[in-house]
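Some notes on the structure that comes next.
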Amino acid sequence: MAEALLGGAFLSAFLQVAFDRLASPKILNYFQERKLNVRLLRKLKVTLLSINAVLDDAEEKQIRNQYVKKWVDEIKDAVFDAEDLLDEIDTEASQQKLEAELTSGQKYSRCSIKVRHFSTLIASACVNSSNNEIESKIQEVLDRLEYLAEQKDVLGLKDGVGIAGKVSQRLPSTSLVDETQVYGRDYDKDAVMKLLLSDDVNGSRFSVTAILAMGGMGKTTLAQLVYNDESVKNHFEIKLWICVSETFDVNGITKRILEALGFSTNDSGDLNMLQLELKDRLAGKKCLLVLDDVWNENPTSWEALQQPFNNCGIGSKFLVTTRIENVAKVMHSFSIHHLKQLQKEDGWKLFAKHAFDDRDSGAYPNLEAIGKKIVIKCKGLPLAIKTLGGMLYTKSLEEEWDNILESDIWDFPTDIIPALRLSYHYLPSHLKQCFAYCSIFPKDYVFDKEELILMWMAQDFLQKSKSNKRMEEVGKEYFDDLVARSFFQVLDRQSSRFVMHDLMNDLANFISRTFCCRLEDKFILDISEKTRHLSCSWNYCGDLASYAPVPMASRLRTFIPVDKINRNISDNVASNLLSQLKYMRALSLHGSDVTELSDSVGNLTLLRYLNLSRTRIKKLPDSICRLYNLQTFKLESCYKFLGELPKDMHKLVNLRHFDFSESYIKEVPYIGRFKHLQRLTNFKVGKRNGTDIKQLGQLKQLRGSLPILNLQNVIDPTDAMQAKLKEKEHIEELKLKWRGENEDSEKDRNVLEMLQPHKNLKELSVVNYGGTRFPDWIGDCSLLSNVVNLELKDCKYCFSLPPLWQLLSLKKLKISNFDTLVAIGPESYFQGNAYGSSSDNNTTQAFRSLETLSFDDMKSWEEWCCSFEGENEAAVVVFPCLKELHIWNCPRLKGHLPRQLPSLKILDIWNCQQLLASLPSAPNMCELDLGLCEEMSLIDVPSFPFLKNISIHGSRVVELLLKKEEVLLTNITRLEELYIFFSDFPSLQWPDCHYMQSHYFNSLGYLRIQDCNSHLSLSLDLFPMLTSLELINCLNLKSLSASSPSSGSESDSEGQQYITTSLSELEISRCPKFVSLSLVGAGGSSLNLNAPKLRYLKLDNLDNLKSLPQPMHTLLPSLYNLDLCHCPQLESFPEQALPLNLNTLSIYNCPKLLLNPFRRD
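Quick note on full-length UniProt numbering: the sequence shown kicks off at 1 and runs consecutively.
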């Protein structure tokens, strides 16, 4: 490797790639073998070195001198061409070496030797012609670079001047920026939270609060602080975050909201259908919707978006961040919070956090003094402060800090904030090109960290590490460094998703606009012959087929559509791109309508990243196997369209990431030749030569997740050993799956025995295993010491479990579809071993780390023995940390559940008809779901002081729940939600009101009773805090009741009333005998329901309902949404006026009401 360059200029890192190639023995040997002029390479290197010497000076002077800027752009363009040429030569040399290796050792007949001799003569003539072409191209690039090098003196560019300066010792590396470390925003947070938590919605179902400030002021950060606050989380039932940005697409935003709620929109463009679905999902629920970065000033668009939210619960809120005050006015913001600049003291705290981290800034008094002056120049802008602070964390010399303070860039006239341009100016050169490349992505684009690193890798941005780190690890360091310097912001740390602030996006676009282009709102004419990287939104992709300037940009290195779905990219567009763009490094056609690729794809010999995911491609051309440099190949979600791969795929020897998940590709022949493969989405064992499981043994660098499928195709169990899973230390998740019916139980067991993984494994799944017992390595703590997640599924012939209690790190265990397993007890946990080493209290803990345990579809399981005594009478404590227990569809299970579950929070038992057990002692339980468990005992139930949510399915369980005796409800004091389903015993009678009021339902806020055939008697006296009541499909419900009129209720012309002060939502649906909203009081008297806070009322499929409350405008004064459906006997509205706050009135299939809507005297 050539000596590392110290320059900080953008091109320095790029030149390093060229220098590495010029020094490559592979290229030198290629020149010597073909008798090419090696002196051309030497001259090229000297010329590039002379240019590199002045790059630092040029990068600084180009800010003020447009001629230097033009010179730098010409240099970049010429270096791009030189690198293309060197890459082509390197690729050809490598391909020749590969072909020689593939054909070595083959035997030839006398005839074939003559043919080969003849071919050699032809090849020799071609070589001479090719040599002339190569030398001609090198000379052309060399002439251009020498011409530009001669101009450096005219432009006054000097060697060793500029931003490189002295090399300082790098301080200890910092962790990623913690976005919660915010300074000076306590007042702002409290003010916004006060607005959100207030129930004042200005007479509407929801209100809008806006955070208004210029870009970079921290609007999004403030919104995130509020959004993630515990009190906000507890206040709203639904919380949604949508980043809007410059394009206010009502359809698109609605789809994203629905998707966030778990609804698949299937690319629907029907706004009416989407909004109806959203309306149903929001019905009656208090929502918080954050719309981040709104630019829309069109009131019509806003009115269209907010329509479904008229159905949400009272007190719902929109929180909007925007730079434009008129946006807040258009959205009828109830309040606008103006976010101001940080005070000088808070600005310094933020700067010090990023520049010094945990070190005391007072220990560096000179740096501290300079830093405080830099903060003043940032003028209280948080983004600028933390960006410069993060950048200075890596610099320890006073001179370096002073250079930034005194830089001319602070005074340079531009739309880019000077502090941000400075932060880029002082980036290391290798980070500059990575950041500038991101300009092809639109504002608010969500970056996947791993995906972006793969694209950087395709562009050769990742420098080789002296410590032999993988390129992916180098890319991770680059990305984390940019995050630490605030060039990226964390969106979701768990899934590695990030965003770039709008101002940073503007900066990237400003820096690289000559060579990077994105087709969105710009005219397509922005593409020039210098354009190397191109992205486009879906509505522009279709124009590329007939667009003339694309051939002018024939040296494109990147083409990517930035939308998930890009149906405008057709076969014609793809063919056009493939035939013209031979220098492509990264090509994506994901989400397009492409069904085939032309053979010309094989000419893209420099291609390193190819994404055909979610396309309709049916077959790959054989020429794709010529893509020698390909590192990343994505065929994700091609489903049934693509079934097989070309037979010579194994020639793609540089492939590192191969993703064909959710595709129907049967197998990948000779995959073992992908020596550099890091990620393989699955391996399907085949029966043909080259598809056997032994191929895995050669893939030594695999990491992450590895599913191995079709294990029934393993012929000889010893072949499984040659997969060498025990040696694959970087595999963290392993899935082993058989398919079809068991044919040889012993063979399956031997195969599984040979597939023992490395001890670093964290997750293991065994599916459809046909053995009767598991091998010893499953359950051996020394072999699976790091496993935290284990799934055993569809092991229908296994009659026992391995000793899983020994897996000390195990946190999640799921066991399902064991058809022959009858009992789980000590013999399954310990299998004849001693109960284990005792703890300090002379006890042994089994499953000491387990947090989630699930049993599902266990047809024969009858007994679960959970209590043990050891040989030395030492007690065995089982499941001390268990938080969730799920038992589903175990129809023969009898006996007991674990008696003591001190950490349990969720207990979910469904369809265990013979289970006689009592509920365990679980003092921390929060959620209980019992369904179709008619034999369970609810007598002598332990106390559940924290139980908030109960869901009951089944007649007998419901009956026991509501008995007067001290059963389940007696020991529950904080119940907030109660769901009751499936009750068909004769009478569902709630317990005595006075007794119940003082014990059970004081905190109940939500009650739903559904599918009840009983003669239901429900008194509202029981629920003083009830906010939402749903009664659905209660076939014998006639009315609600109350024991007596409310105090203060007078007997006047309106009759006696029962007042409920908390009820805000009421739905009564599919109750054919329900006749009136009037309540039945003591002695059968009639009480009017007075609900002053009721906002939402839905009456649906009530065959006998004839009238609405009289007078509605006084009894239900806050009513906002009234929904009347399928009420055939409902004749008219009340005589007096409807409630004044009524906003939405929906009437469907109420024929008498529509004929005579208002009663006449």
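Where is the CB? At the ideal position from N, CA and C, for every residue including glycine.
Exercise. Apart from the five residues on each side of it in sequence, which residues of its chain come closer than 8 angstroms, Cβ to Cβ, to residue 386?
Worked result: 177, 350, 351, 353, 354 and 486
For this session: Locate the alpha helix (DSSP H) running through residue 39, then write down its first and last residues.
Result: 38-52
Exercise. So, are the CB atoms of residue 51 and residue 152 less than 9 angstroms apart?
Worked result: yes
For this session: Note down the Cα distance separating residue 672 from residue 625, rounded to an integer number of angstroms.
Result: 16 angstroms
Problem set entry | Any 3 or more C-beta pairs closer than 8 angstroms across the region 712-728 and the region 472-486 | no
Exercise. Rounded to the nearest angstrom, how far is the Cβ of residue 1165 from that of residue 595, given a contact under 8 angstroms?
Worked result: Residue 1165 lies beyond the range of the chain shown here (1 to 1161); nothing can be said about it.
For this session: Name, in chain order, the residues that DSSP records as bridge partners for residue 674.
Result: Residue 674 pairs with nothing; no bridge assigned.
Problem set entry | Selected residue, minimal CA-CA separation from residue 739, among 718, 762, 729 and 708 | 708
For this session: Measure from the alpha carbon of residue 659 to the alpha carbon of each residue in 29, 653 and 706, then state which is nearest.
Result: 706
Problem set entry | Close Cβ partners of residue 1001 (< 7 angstroms) along its chain, the five nearest in sequence each way excluded | 975, 1022 and 1023
For this session: Starting from residue 586, follow its DSSP beta bridges and name the residues at the other end.
Result: 558 and 609
Exercise. From residue 286 to residue 13, what distance separates their C-alpha atoms?
Worked result: 53 angstroms
For this session: Count the other C-beta atoms from every protein chain shown that fall within 10 angstroms of the C-beta of residue 343, then say buried if there are 16 or more, exposed otherwise.
Result: exposed
For this session: Go ahead and label residue 1150 buried or exposed: buried means 16 or more other beta carbons lie within 10 angstroms of its beta carbon, across all protein chains shown.
Result: buried
Exercise. If you drop the 5 nearest sequence neighbours on each side, which residues of the same chain put their C-beta closer than 6 angstroms to that of residue 213?
Worked result: 219 and 339
Exercise. Who are the Cβ neighbours of residue 1164 in its own chain at under 6 angstroms, not counting the five residues just before and after it?
Worked result: The question about residue 1164 has no answer here: the residues shown for the chain are numbered 1 through 1161.
Problem set entry | Bridge partner(s) assigned by DSSP for residue 210 | 320 and 336
Exercise. Which partner residues does residue 823 have in the DSSP bridge list?
Worked result: 863
For this session: Spell out the partners DSSP gives residue 406 in its beta bridges.
Result: DSSP output for residue 406 lists no bridge partner at all.
Exercise. Rounded to a whole number of angstroms, what is the C-alpha to C-alpha distance between residue 1173 and residue 609?
Worked result: Outside the displayed range of the chain (1 to 1161) lies residue 1173, so it cannot be described from this structure.
For this session: Please report how far the alpha carbon of residue 194 lies from the alpha carbon of residue 1133, in whole angstroms.
Result: 39 angstroms
Problem set entry | Cα-Cα separation, residue 73 to residue 335 | 49 angstroms
Exercise. Residues bridged to residue 900 by DSSP?
Worked result: 921
Exercise. In chain order, what residues of the same chain have a beta carbon less than 6 angstroms from the beta carbon of residue 632, not counting five sequence neighbours either side?
Worked result: 454, 609 and 657
Problem set entry | Span of the alpha helix (DSSP H) around residue 1127 | Where residue 1127 is concerned, there is no enclosing alpha helix (DSSP H), given that its DSSP letter is neither H nor E.
For this session: Would you mind sorting residue 1167 into buried or exposed? The rule is 16 or more other CB atoms within 10 Å of its CB.
Result: Only positions 1 to 1161 of the chain appear in the structure, and residue 1167 is not among them; the question remains open.
Exercise. Which same chain residues, not among the five before or five after residue 1143, have their C-beta less than 8 angstroms away from its C-beta?
Worked result: 204, 205, 310, 1120 and 1121
For this session: Please list the segments of the beta strand (DSSP E) lying wholly inside the region 731-799, counting only runs of 3 or more residues, in order along the chain.
Result: 731-737, 763-767 and 789-793
Problem set entry | Range covered by the beta strand (DSSP E) that runs through residue 878 | 876-878
Problem set entry | Cα-Cα separation, residue 873 to residue 845 | With a pLDDT of only 40 at residue 873, under the threshold of 50, the placement of this residue in the model should not be trusted; the figure read from the coordinates follows. Residue 873 and residue 845: Cα-Cα distance of roughly 14 angstroms.
Exercise. For the beta strand (DSSP E) that residue 1015 lies in, which residues bound it at each end?
Worked result: No beta strand (DSSP E) holds residue 1015; DSSP gives it neither H nor E.
For this session: Measure the CB-CB distance between residue 972 and residue 947 and report whether it falls below 9 angstroms.
Result: yes
Exercise. Between the beta-carbon of residue 1063 and the beta-carbon of residue 1037, is there less than 9 angstroms?
Worked result: no
Problem set entry | Among 636, 916, 481 and 424, the one whose alpha carbon lies nearest that of residue 934 | 916
Exercise. Are there 16 or more other CB atoms within 10 angstroms of the CB of residue 1136, so buried, or fewer, so exposed?
Worked result: exposed
Exercise. According to the neighbour-count rule (16 or more other Cβ atoms, all chains shown, within 10 Å of its Cβ), is residue 472 buried or exposed?
Worked result: buried
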